[in-house]
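Chemist: Once you've had a glance at the structure underneath, I'll fire off some questions.
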Amino acid sequence: MDVGIRVAEPGDLGVLTACMGQRPFFTDRLARQARGGGVLLVAALADLVVGDVYLSCEPPGEPELGRHLPGVPSLVHLEVTPDLRRRGIGTRLVQRAEAEAMRRGAGRVLLGVEGANRGARRLYERLGYVEWEHGIVPTCWMVERGGRHVVHRTAVHVLVKDLSLSGR
Ligand SMILES: CC(C)(COP(=O)(O)OP(=O)(O)OC[C@H]1O[C@@H](n2cnc3c(N)ncnc32)[C@H](O)[C@@H]1OP(=O)(O)O)[C@@H](O)C(=O)NCCC(=O)NCCS
Numbered sequence: 032m033d034v035g036i037r038v039a040e041p042g043d044l045g046v047l048t049a050c051m052g053q054r055p056f057f058t059d060r061l062a063r064q065a066r067g068g069g070v071l072l073v074a075a076l077a078d079l080v081v082g083d084v085y086l087s088c089e090p091p092g093e094p095e096l097g098r099h100l101p102g103v104p105s106l107v108h109l110e111v112t113p114d115l116r117r118r119g120i121g122t123r124l125v126q127r128a129e130a131e132a133m134r135r136g137a138g139r140v141l142l143g144v145e146g147a148n149r150g151a152r153r154l155y156e157r158l159g160y161v162e163w164e165h166g167i168v169p170t171c172w173m174v175e176r177g178g179r180h181v182v183h184r185t186a187v188h189v190l191v192k193d194l195s196l197s198g199r
């Protein structure tokens, strides 16, 4: 199976939303990418998109992150389509995002993971992410439920990786 990881292009919006949903999210992130605010990476299989992750280089919305980790880029919205999970695609997306962060001069990268998401947390810890010492952080994002976009309010554990460990 020939899955390639590449930077999304503006013309990918249709296939991205057909495969992954979340049209408002991808519209917003493609616009931010065009302004230099981050990098949207996709896992592409033939004409399909089977996964994505966004590297944000803009100040985060959560004040705690800006206070304790100013200037540290964040990984958001890592997702692989359910039928293609457990084949290493998620790991490759994270590693490529780390490489993009390093190319932009970052020494660290951060992300948030919900307490119940043990599978994702295992993946991150295997790659060298470590939870910070400042507690969990309230946050929210939009999700699609029953064809509607609603706010998902939650709290996340913040994990940080020293990118000098990249390649582990
Ligand atoms: C989290 C997520 C992105 C992981 O994607 P993935 O492509 O399955 O990730 P990987 O395949 O790299 O790793 C997942 C597991 O598959 C295993 N794996 C990787 N390649 C494998 C292979 N060829 N054969 C069998 N297992 C494999 C990994 O070792 C890992 O095992 P673990 O259960 O011990 O952690 C995916 O589960 C997902 O989209 N979840 C919903 C959204 C989500 O929770 N995102 C994270 C938000 S913080």
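For the sequence shown, this note's numbering gives the first residue as 32, with consecutive numbering after it.
The beta carbon of each residue, even a glycine, is placed where N, CA and C say it ideally should be.
Please read all numbers here as calculations on a predicted model, not as lab measurements.
#1: Assign P104 to one of two classes, buried (16 or more other C-beta atoms within 10 Å of its C-beta) or exposed (fewer than that).
#2: Is D83 buried or exposed, if buried means 16 or more other CB atoms sit within 10 Å of its CB?
#3: Enumerate in chain order the residues of its own chain whose CB-to-CB distance from P169 is below 6 Å, with the five nearest sequence positions on each side excluded.
#4: Taking L72 as part of the beta strand (DSSP E), name the residues at either end of that continuous run.
#5: For my contact list, V73 and R37 are in at a C-beta cut-off of 8 Å; report their separation, rounded to the angstrom.
#6: Three-state secondary structure (DSSP) at G159?
#7: In the DSSP assignment, what are the bridge partners of E110?
#8: List in chain order the residues whose CB is within less than 6 Å of at least one heavy atom of ligand 1.
#9: Quick check: the stretch 116-135 against the stretch 173-181, are at least 3 beta-carbon pairs closer than 8 Å?
#10: Tell me which same chain residues have a C-beta within less than 7 Å of the C-beta of V182, skipping the five on either side of it?
#11: Which residues in the same chain have their Cβ closer than 6 Å to the Cβ of Y160, if we skip the five residues on either side of it in sequence?
#12: With a threshold of 8 Å, are at least 3 pairs of Cβ atoms found where one atom belongs to the stretch 78-95 and the other to the stretch 43-52?
Modeler: Let me spell this out:
#1: Counting C-beta atoms within 10 angstroms of its own C-beta, P104 has 16 or more neighbours from the protein chains shown and is therefore classed as buried.
#2: Classification for D83: buried.
#3: Excluding positions up to five away in sequence, the list reads A186.
#4: Looking at the DSSP string, the run of the beta strand (DSSP E) that includes L72 is G69 to L76.
#5: The C-beta distance from V73 to R37 rounds to 6 Å, short enough to meet the 8 Å contact threshold.
#6: The three-state reading of DSSP puts G159 in coil, since its state is none of H, G, I, E or B.
#7: In the DSSP output, where bridge partners are listed per residue, E110 has D83.
#8: Taking each Cβ in turn, the ones that pass are L109, E110, V111, R116, R117, R118, G119, I120, G121, T122, V144, N148, G150, A151, R153 and L154.
#9: A contact between stretches requires three or more CB pairs, one per stretch, nearer than 8 Å, and the stretch 173-181 fails this requirement with the stretch 116-135.
#10: Apart from the 5 residues on each side of it in sequence, V182 sits with its Cβ closer than 7 Å to the Cβ of C171 and M173 in its chain, given in chain order.
#11: Cβ within range, chain order: L190 and K192.
#12: Taking one beta carbon from each stretch, the stretch 78-95 and the stretch 43-52 have 3 or more pairs nearer than 8 Å; the two touch.
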